[in-house]
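First the structure, in the form of structure tokens, and then the observations on it.
Numbering (UniProt numbering), first residue to last: 1 to 101.
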């Protein structure tokens, strides 16, 4: 019994499709979990960063744009914590990296 070229090509194509489906089925749970635990929370953070939102009154949301960030730059506590973090990054992390090497 002699197989024609078309039959061989069709068989290879079906096997490739099966392999692709199998690969995607292995990836699906990881992609779903990534979406649930990473993509959705990051999207919510971006949404809440541009709104005036209080947890005690969740129905009252107001889009404020960059007002939250402008207010943040005028806050002395934020500026102090930002400078402390910057000092940490510039001084402590290179020292630890050098000690580890």
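Glycine is no exception: its CB is placed at the ideal position from the N, C-alpha and C atoms. Computed from a predicted structure; not experimentally measured.
Check: For residue 180, which three-state DSSP category applies?
Finding: Because the chain is modelled from 1 through 101, residue 180 falls outside the range shown and cannot be assessed.
Notebook entry, point to check: So, are the CB atoms of residue 62 and residue 52 less than 8 Å apart?
Noted result: The residue given as residue 62 occupies position 62 in the chain shown. The residue given as residue 52 occupies position 52 in the chain shown. Taking 8 Å as the cut-off, the Cβ atoms of residue 62 and residue 52 count as close.
Next item on the list: Output the residue ranges of the beta strand (DSSP E) runs that lie fully inside the segment 35–87 and measure 3 residues or longer, sorted by chain position.
Entry: You should have 51–54, 57–63.
Item checked: Segment limits, alpha helix (DSSP H) that includes residue 93 -> Position 93 of the chain shown, counting from 1, holds the residue named residue 93. For residue 93, the enclosing alpha helix (DSSP H) has its first and last residue at 93–100.
Next item on the list: Could you tell me how far apart the beta carbons of residue 64 and residue 78 are, in whole angstroms, since I believe they sit closer than 8 Å?
Entry: Numbered from its first residue, the chain shown carries residue 64 at position 64. Numbered from its first residue, the chain shown carries residue 78 at position 78. That belief does not hold up - the Cβ atoms of residue 64 and residue 78 are roughly 17 Å apart, past 8 Å.
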